[in-house]
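Undergrad: Let me begin by handing over the structure; questions about it come next.
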Amino acid sequence: MIKSLHKRNSDLAKSNKQLEILSNGIFQNGDLPTFKNKIAETNQFPLKAKKLEILQINVGYMCNQVCTHCHVDAGPDRKEIMTCHTMKQCLEVIKNTGAHTLDLTGGAPEMNPNFRWFVEEASKAGIKDFIVRSNLTIIRANKKYYDLPDFFKKHNVHIVSSMPHWTRGKTDKQRGDGVFNASIEALKMLNDVGYGMPDSALRLDLVYNPSGAFLPANQTSMEKDFKKALLEDFNIQFHNLFAITNLPISRFLDYLIASENYEDYMYALVEAYNPAAVKNVMCTNTLSVSWDGYLYDCDFNQMLELPVNSKVKHISDFNEDILEGRNIVISQHCYGCTAGAGSSCQGSVA
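In this note's numbering, each residue's number is its place in the sequence shown (first place is 1) plus 11.
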């Protein structure tokens, strides 16, 4: 099994090393413009936070998988887990925020020992869209998780699941041997309780990440291909496909450097830059909360340890009015969210 960068004591486990790579070389010598200079060309600097719509909470980096592209560097060896105390602080914010979407992520969020309690309590807050980001295989990883589809259904949770491809080879290459088969079984279990069916209110969406150093194809056409293949081959149905660009951080950055694709990939991102996508990047309407309660503009900034540019730094001091209108913290990884049709946790943005 692949080990996390942290477990390997890799230099790239350190956020400052990643930021150093993203700031130097082709960006320092002027071969490519920095993201700041690029958005300034269209008078979009500084990026400003708008009204908060999505509260994304990372409940821990522990995961039953060790995927090659993972920007969280998640895995079984990661022990960072949100405590019940921090969850209670989050619950107070959930009850009082104007955000319409709650998005729980990880790692595998289901591996947090207080996950079910948190879902039960959060569901009482009446959030319009309650998302759990599942890697699917966790549902089949252990008998104690087999009833997750019924648990999700009970609380009307919107499931957003990782699925790199409709074929075994490409999926297992990115996520590990056996992941495809376990994912198919998990999808069937979700379908069996009503998730993903055409007229069902139980939302099941899939997420596609490219398996190599290239950008995702058109999201709409890919969704058609995914739906056709999964229905014909496995009688599986789902609602939408989100195509997400891999950002050059953490394990994907490690892969880019090891495969000598880093510079080519950064050129591809910059060449595909779309100023229209900047207007709707997720950091403008989303707030990311780390496992220990600190606040970030997005999940990617969280992994690079780039906290919000605000005097409000922690969920315990949450103040929506102060956070609104803040300047978004940016670096070169932000090109990943503004390439082509743009990319966010909800897929294309432009």
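Glycine included, every Cβ here is placed at the ideal spot set by N, Cα and C. Here the structure is a predicted model, which is why all the values come from computation and not from measurement.
If you run the structure through DSSP and keep just helix, strand and coil, what is His344?
TA: His344 falls in the helix class under three-state DSSP.
Undergrad: Output the boundary residues of the alpha helix (DSSP H) element that contains Leu226.
TA: Run containing Leu226: none; DSSP gives neither H nor E here.
Undergrad: Of all the alpha helix (DSSP H) runs that stay within the bounds of the segment 18-88, which reach a length of 4 or more residues?
TA: Fully enclosed alpha helix (DSSP H) runs of 4 or longer: 26-34, 46-51.
Undergrad: Whole angstroms are fine: how far does the CA of Tyr156 sit from the CA of Ser261?
TA: So the two alpha carbons sit approximately 28 angstroms from each other.
Undergrad: Can you give the beta carbon distance from Thr349 to Tyr284, rounded, assuming they're within the 8 angstroms contact cut?
TA: Their Cβ separation, rounded to whole angstroms, is 6 angstroms, which keeps Thr349 and Tyr284 in contact under 8 angstroms.
Undergrad: Considering only C-alpha positions, which residue in the set Ser342, Cys356, Gly347 is nearest to Ser26?
TA: Looking at the Cα atoms, Ser342 is the closest of the given residues.
Undergrad: Taking contact to mean 3 or more Cβ pairs, one atom from each stretch, closer than 8 angstroms, check whether the segment 210-222 and the segment 246-258 are in contact.
TA: The segment 210-222, when compared against the segment 246-258, does touch it at the 8 angstroms Cβ threshold.
Undergrad: Give me the Cα-Cα distance between Gln230 and Gly353, rounded to the nearest whole angstrom.
TA: Rounded to the nearest angstrom, the two C-alpha atoms are 10 angstroms apart.
Undergrad: Could you tell me the boundaries of the beta strand (DSSP E) in which Leu213 lies?
TA: It is not in any beta strand (DSSP E) - Leu213 carries neither H nor E in the DSSP assignment.
Undergrad: Please confirm whether Thr94 and Gln185 have their CB atoms less than 7 angstroms apart.
TA: No. Outside cutoff.
Undergrad: Using the DSSP secondary-structure output, state which residues sit across from Ile92 in a beta bridge.
TA: Ile92 pairs with Gly71.
Undergrad: May I ask you to list the residues that DSSP assigns as paired with Leu159?
TA: DSSP, once it has assigned bridges, lists no residue as partnering Leu159.
Undergrad: Phe191 to Ile138, Cα distance in whole Å?
TA: Straight-line Cα distance between these residues: approximately 32 angstroms.
Undergrad: Which partner residues of Ile142 appear in the DSSP bridge assignment?
TA: Bridge partners of Ile142: Asp114, His169.
Undergrad: Reducing DSSP to helix, strand and coil, say where Asn338 ends up.
TA: Of the three classes helix, strand and coil, the one that applies to Asn338 here is strand, per DSSP.
Undergrad: Measure the Cβ-Cβ separation of Ile92 and Asn123 and say whether it is below 7 angstroms.
TA: Yes.
Undergrad: Measure the C-alpha to C-alpha separation of Gly36 and Asp42 and round it to an integer number of angstroms.
TA: Those two C-alpha atoms are separated by around 8 angstroms.
Undergrad: Between the C-alpha atoms of Ile247 and Pro209, what's the straight-line distance to the nearest angstrom?
TA: If I take the Cα positions, the gap works out to 11 angstroms.
Undergrad: Taking 7 angstroms as the limit between beta carbons, can you name the residues of its chain near Glu132, skipping five residues before and five after?
TA: Leu102, listed in sequence order.
Undergrad: Return helix, strand or coil for Ser321, following the three-state DSSP convention.
TA: It is coil, neither helix nor strand.
Undergrad: Using C-beta distances below 6 angstroms, list every residue in its chain close to Thr45, excluding the 5 sequence neighbours before and after it, in chain order.
TA: Same-chain partners within the cutoff: Phe38.
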